[in-house]
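Asks: Residue numbers (the working numbering), protein chains in the order written: chain A, 72 to 189; chain B, 134 to 244.
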Amino acid sequence: EVQLVESGGGLVQPGGSLRLSCAASGFTFSNYWMHWVRQVPGKGLVWVARINSAGTIANYADSLKGRFTISRDNAKNSVYLQMNSLRVEDTALYYCVRDAVGGLVDYWGQGALVTVSS
Amino acid sequence: DVVVTQSPPSLPVTLGQPASISCRSSESLVYADGKTYLSWFQQRPGQSPRRLIYEVSNRDSGVPDRFSGSGSDTDFTLKISGVEADDVGVYYCMQGKHWPSFGQGTRLQIK
Numbered sequence: 072e073v074q075l076v077e078s079g080g081g082l083v084q085p086g087g088s089l090r091l092s093c094a095a096s097g098f099t100f101s102n103y104w105m106h107w108v109r110q111v112p113g114k115g116l117v118w119v120a121r122i123n124s125a126g127t128i129a130n131y132a133d134s135l136k137g138r139f140t141i142s143r144d145n146a147k148n149s150v151y152l153q154m155n156s157l158r159v160e161d162t163a164l165y166y167c168v169r170d171a172v173g174g175l176v177d178y179w180g181q182g183a184l185v186t187v188s189s
Numbered sequence: 134d135v136v137v138t139q140s141p142p143s144l145p146v147t148l149g150q151p152a153s154i155s156c157r158s159s160e161s162l163v164y165a166d167g168k169t170y171l172s173w174f175q176q177r178p179g180q181s182p183r184r185l186i187y188e189v190s191n192r193d194s195g196v197p198d199r200f201s202g203s204g205s206d207t208d209f210t211l212k213i214s215g216v217e218a219d220d221v222g223v224y225y226c227m228q229g230k231h232w233p234s235f236g237q238g239t240r241l242q243i244k
C-alpha cells in the first residue's frame, strides 16, 4: 500500500523558515518523481514543485521560485520542501504527492499544515 | 501556461440524479505520444484528494462505476450517473502537459 506521511508543519513568523519532510513507503521511491501541492483551507489545489527520481531536476511554480527548494534522499525514501522567507500568504496545507504518467499525480499524503503569522 | 477552467463552481444535485462537471483546457492536452493526459480527483470534506480518473477515462481501482470520464483535446467531462451521499465533496481536474495545474474545483452538494 502506498503511504506518504508529511511532517514538519507548524507556526512560523513572517520571514521565517520551515522544512517539510515526506516519508514514502509501499513503492519503489527511487523510481518516481515527487511533487508538493498546497491548499489554503477552503480553497483550491495549487502545484508547488516537483523533483525527478534522481534528485537532479527540480521545477517550481513561478511565484515560489527562489524561496522554496525541493530535495530528496532516496536512501531514506524521503522528499523535502525547504521554505524560506515565508509570507502570510504561504499559510496552507502542504501535500506530498507521487508522480504519475503524463506529468500528473496519483497518491497523496494527509498534508502538513503551515501557518505563517506574527 | 496551460489554464484549466472548471464549471460549474457549485453543483447541487438530488440523490440518485446524474451530475456532470466540465473541464476545459486553454491548450490541447494531446501529448507527443498521441495520448491525452487528464485526471479527475475527489476531495471529501476533511480528507486528502483521491484520484478517480486518469488518462481522461480510466477509473482507478475501487472507484465505483457510476463515475465516468470522457472528452478529448481541450474539452473534458466527469459524470456521475446517480449521485450518492458519499459523493459530496469538491472535484478537481488536473493537467500536466507543461507545468501541472488544477481546475478551480466544483463543489458537489446534495440538494
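Positions of the beta carbon are idealized from the N, C-alpha and C atoms, including for glycine.
(1) Considering Cα atoms alone, identify which of A/V111, A/C93, A/G97 and A/L152 is closest to A/A129.
(2) Can you check whether the C-beta of A/W118 is within less than 7 angstroms of a C-beta belonging to chain B?
(3) Have a look at B/V146 and B/I154 and give me their C-alpha separation to the nearest angstrom.
(4) Reducing DSSP to helix, strand and coil, say where A/L135 ends up.
(5) Looking only at C-alpha atoms, which of A/M105, A/M154 and A/S188 sits nearest to A/G137?
(6) If contact is defined by three or more beta carbon pairs under 8 angstroms, each pair taking one atom from either stretch, is the segment 159 to 176 of chain B in contact with the segment 140 to 151 of chain A?
(7) Should B/P142 go down as buried or exposed, given a rule of 16 or more other Cβ atoms within 10 Å for buried?
(8) B/Q176: buried (16+ other C-beta within 10 angstroms of its C-beta) or exposed?
(9) So which of B/G195, B/S140 and B/V221 has the shortest CA-CA distance to B/P178?
(10) With H, G and I counted as helix, E and B as strand and the rest as coil, what does DSSP make of A/D161?
(11) Among A/Q74, A/W118 and A/G79, which has the Cα closest to the Cα of A/L135?
(12) Rounded C-beta distance between B/W173 and B/G202? I'm assuming under 8 angstroms.
(13) Between A/N161 and chain B, is the shortest Cβ-Cβ distance under 7 angstroms, so that the two count as touching?
Replies: Once the coordinates are examined:
(1) A/L152
(2) yes
(3) 12 angstroms
(4) helix
(5) A/M154
(6) no
(7) exposed
(8) buried
(9) B/V221
(10) helix
(11) A/W118
(12) 6 angstroms
(13) Per the sequence presented here, residue 161 of chain A reads as Asp, with Asn not at that position. No, no contact with chain B.
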